[in-house]
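Top to bottom, those sequences are chains B and W. Quick note on numbering: my numbering labels position 127 of the first sequence as 127, and the sequence is numbered without any gaps. All you need for my numbering is the position in the second sequence, starting with 1, plus 1000. Heads up, the beta-carbon is just placed ideally off N, CA and C, and yes, glycines get one too. See below for the structure under consideration.
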Amino acid sequence: MECWVLNESLSVILVLSWLGINLYLFVDTFHWYEEEESFFYTRVILGSTLAWARASAVCLNFNCMLILLPISRNLISFIRGASICCRGPWRKQLDKNLKFHKLVAYAIAVNATIHIVAHACNLEHYHQGQSSEARGLLAALSKLGDTSNESYLNPIRTFHTNTTSELLMTITGISGLMISLAFILIVTSSTEFIRQTSYELFWYTHHLFIIFFISLAIHGAGRIVRGQTPESLSRHNVTFCRDHYAEWQAAASCPVPQFSGKEPSAWKWVLGPVVLYVCERLIRIWRFHQEVVITKVVSHPSGVLELHMKKRHFCMAPGQYVLIQCPSISWLEWHPFTLTSAPQEDFFSVHIRAAGDWTRTLCRAFGAEGQAWKEPWNLPRLAVDGPFGAALTDVFRYPVSVCIAAGIGVTPFAAVLKSLWYRCCEPQPPLTLSKVYFYWICRDSRAFEWFADLLLSLETRMSEQGKTHLLSYHIFLTGWDENQVFHIALHWDENTDVITGLKQKTFYGRPNWNNEFRQIAYTHPGSSIGVFFCGPKALSKTLQRMCRLYSSADPRGVHFHYNKESF
Amino acid sequence: MGQIEWAMWANEQALASGLILITGGIVATAGQFTQWYFGAYSIVAGVFVCLLEYPRGKRRKGSTMERCGQKYMTKVVKLFGPLSRNYYVRAFLHLGLSVPAGFLLATILGTACLAIASGIYLLVSGVCGQPADAMTPQSLQPPAG
């Protein structure tokens, strides 16, 4: 319980800190532009919208700086690996990198809206400043810059123009439009629906970030928002001279004020993260050139392809994933796959299900669809980047672990269970873990027959070693038809399960979590139990509730620690 | 990239454009900008586009996640007849709707976004070979149960 509170509160504290920095930057900049003397005359024309535009610009700079960092995978892996500074709850925050990336994107959207609205108003005010109805100080300020020894304040020089064409004639305006369009296209193609239905569209459109950052760097080059120069401020006392604008040309006490634009600063904020991200991409190119040897290809039924590969200096932990690219299919696409082999094996493997364009083409290229057997030299070349992601090694740190997988979430547990088998065979170092409960819920086990095979081989080997008590697994099939019902009922009394061939029988329907957790809590009183889940959000919430419900209030009683994997 | 369901993206893009048009229109009208009547037009056009695009059309294959409260909007949208069914019609409608908003600075972003959405719908109906009348009346029905 304490760990849960600590984990969640750390996330909340980090988000509040980020929000606090945003608020501080906004309010501080707003206040500065509202009070600063050098912008007094600018405020006469623009009013408060100047401060709104500039404050949101600073927040935009801050968030654009942050947005590339959570997706610098190698940087995150490096920080995770440097375990001196990152232990326990801090390391878990690194798993929430994508959530943070989205949060920063929302902040960019909000600040961009404020910025665009404020600048639309600013341009309108500048335009109105040149109208014949403008009077007094406003008119005088707008006229500045007409003669050769004056610098202008109002970037719009005549009323007989429209603000749209004024915008489109400046670098600032065009780059602003490019930034906004790139951002909107990225956001609309990143909705959950699009990501699930067409990952490629999401992936390709996201690369518009290149246009986004280039346009951002040149956006301030127009220097449209102008303030009074320091030399001019020292000779021209604003407090006195603002009421004597008619005498600026003539009087020596109030020389004509001079203005200059603020130099662009966005590039200073984003340079570091952009360089880091370029390094990430260079690392990926370097890894692309590293040789990957395919040592085994297994074609499982239901369109699942298993690939065993070897790569120099590759070391992984169970639960991690790799990015795979196949140049003969597409030079630009890298797809993520969870590793299904144990670290103790001398190869690494992935199981690829033919579910979309790229995966279907890959399976066909490896001869998975009943075609003629392929010679090793005919197999397409693959490039592998990684491994990335949170390791599931915490499974081995608890005396009792409960692993729950739903549907395709079973894949990371393949690596965990294989690793468990190797670890329990080694006498040194002794394993803290004494019991693993594995729950697998799926609609149709046919797509994961390879996993059922894995369980069967584990079952056999454990009984050979006399360690059958270590692993207790329960398979729940939630989709079944009438024919299956008859078949199952007929063979109910046999030793092995009729569907999977395993000694432990398959259950039909969803598990009753209350019973399961109650049973586990009863069997292991006073233990610290790790619960690991990979699957849909709804079930995650249920399991978190179960963990809270069945954890004892007594510190010496049983405690369930929930760990959700984010892939 | 042949299997990309462009229509889904066009729908998201058009919905976003509608919201941007409404925002720009409100700013221009409330601020009484020069030619603010284009702003008023933008608000109306934005609301219309949002209404039209809110119900998510059925995917060619696979399940479709409906948007919240979609079934009430679907009844209204079906009244528009071929407007709601045909991608060519939608593409040209969006292009036509976006042009007047381009005259005002506050709504020019909405114009650009809606024009892009129109381009994607055109791509869907013409280039990718998906049938122009992909959105049959049945596809706009909420699924039973």
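{"Query": "Measuring straight from C-alpha to C-alpha, what distance separates W:V1044 and W:Q1032?", "Result": "17 Å"}
{"Query": "Give the interface partners of W:V1049 over in chain B, defined as CB-CB distance under 8 Å, in chain order.", "Result": "None at all; the shortest Cβ gap to chain B is about 14 Å."}
{"Query": "If you run the structure through DSSP and keep just helix, strand and coil, what is B:W575?", "Result": "Since the displayed chain B opens at 1 and closes at 567, residue 575 of chain B lies outside it and no answer follows."}
{"Query": "Please classify B:W440: is it buried, with 16 or more other beta-carbons within 10 angstroms of its beta-carbon, or exposed?", "Result": "buried"}
{"Query": "Kindly indicate which three-state DSSP category B:C534 falls into: helix, strand or coil?", "Result": "strand"}
{"Query": "Could you give the DSSP three-state label for W:A1010: helix, strand or coil?", "Result": "helix"}
{"Query": "Is any beta-carbon of chain B found at less than 8 Å from that of W:L1095?", "Result": "no"}
{"Query": "Taking the beta strand (DSSP E) that B:M262 belongs to, which residues open and close that run?", "Result": "Looking at the sequence provided, one finds Lys at residue 262 of chain B rather than Met. Element bounds for B:K262: n/a, residue is neither H nor E."}
{"Query": "Under 8 Å by Cβ, that's how I've got B:N61 and B:S265 pegged, so tell me the actual separation to the nearest angstrom.", "Result": "7 Å"}
{"Query": "At the level of alpha carbons, what is the spacing between W:L1015 and B:S401?", "Result": "46 Å"}
{"Query": "Does DSSP put B:N514 in a helix, in a strand, or in coil?", "Result": "helix"}
{"Query": "What's the C-alpha gap between B:M178 and B:I71?", "Result": "23 Å"}
{"Query": "Whole angstroms are fine: how far does the CA of B:C315 sit from the CA of B:V58?", "Result": "42 Å"}
{"Query": "So if I threshold CB-CB distances at 8 Å, which residues from the region 106 to 126 of chain B count as touching chain W?", "Result": "T113, I116, V117, A120, C121, L123 and E124"}
{"Query": "What in chain W is Cβ-close to B:T569, meaning under 7 Å?", "Result": "This structure does not reach residue 569 of chain B, given that chain B is present from 1 up to 567, and the question cannot be answered."}
{"Query": "When you compare only the Cα positions, how much space is there between B:L66 and B:L339?", "Result": "29 Å"}
{"Query": "Let's test the definition: count the other Cβ atoms within 10 Å of the Cβ of B:S48 and tell me whether it reaches 16, buried, or not, exposed.", "Result": "exposed"}
{"Query": "I want to see whether chain W comes within less than 8 Å of B:M1, judged by CB atoms only; does it?", "Result": "Reliability of the predicted coordinates at B:M1 is poor, the pLDDT of 45 falling under 50, and the value obtained from them is presented with this limitation in mind. Closer than 8 Å: no."}
{"Query": "In the structure shown, what three-state DSSP assignment does B:T542 receive?", "Result": "helix"}
{"Query": "Comparing the C-beta of W:G1119 with each C-beta of chain B, is any distance below 8 Å?", "Result": "no"}
{"Query": "To the nearest angstrom, how far is it from the Cα of B:C241 to the Cα of B:I224?", "Result": "24 Å"}
{"Query": "Compare the C-beta of W:L1109 with all C-beta atoms of chain B and state if any pair is closer than 8 Å.", "Result": "yes"}
{"Query": "With a floor of 4 residues, list each alpha helix (DSSP H) that falls wholly inside the region 187 to 229 of chain B, ordered by position along the chain.", "Result": "192 to 197, 199 to 206 and 209 to 219"}
{"Query": "Is the shortest distance between the beta-carbon of W:S1125 and the beta-carbons of chain B less than 8 Å?", "Result": "no"}
{"Query": "Can you check whether the C-beta of B:S198 is within less than 8 Å of a C-beta belonging to chain W?", "Result": "yes"}
{"Query": "So the beta strand (DSSP E) B:G386 belongs to, where does it begin and stop?", "Result": "A383 to F388"}
{"Query": "Classify B:D346: buried if its beta carbon has 16 or more other beta carbons within 10 angstroms, exposed otherwise.", "Result": "exposed"}
{"Query": "Alpha carbons only, please: which of B:F413, B:G526, B:G407 and B:P380 is nearest the one belonging to B:T393?", "Result": "B:F413"}
{"Query": "Closer than 8 Å is the cut-off here; do at least three beta carbon pairs connect the region 148 to 163 of chain B with the region 544 to 555 of chain B?", "Result": "no"}
{"Query": "Using only the alpha-carbon positions, how far apart do B:P555 and B:S472 sit?", "Result": "27 Å"}
{"Query": "DSSP three-state call for B:K296: helix, strand or coil?", "Result": "strand"}
{"Query": "Comparing C-alpha positions only, which one of B:W90, B:K99, B:S180 and B:T170 sits nearest to B:T113?", "Result": "B:S180"}
{"Query": "Quick one, which of B:R281, B:V293 and B:L539 has its alpha-carbon nearest B:L379's?", "Result": "B:V293"}
{"Query": "Give a yes or no on whether 8 Å exceeds the smallest Cβ distance from B:I184 to chain W.", "Result": "yes"}
{"Query": "Please tell me whether B:Q320 and B:F388 are closer than 8 Å, where the distance is taken between their beta carbons.", "Result": "yes"}
{"Query": "Flag W:A1101 as yes if its beta-carbon sits less than 8 Å from any beta-carbon of chain B, otherwise no.", "Result": "no"}
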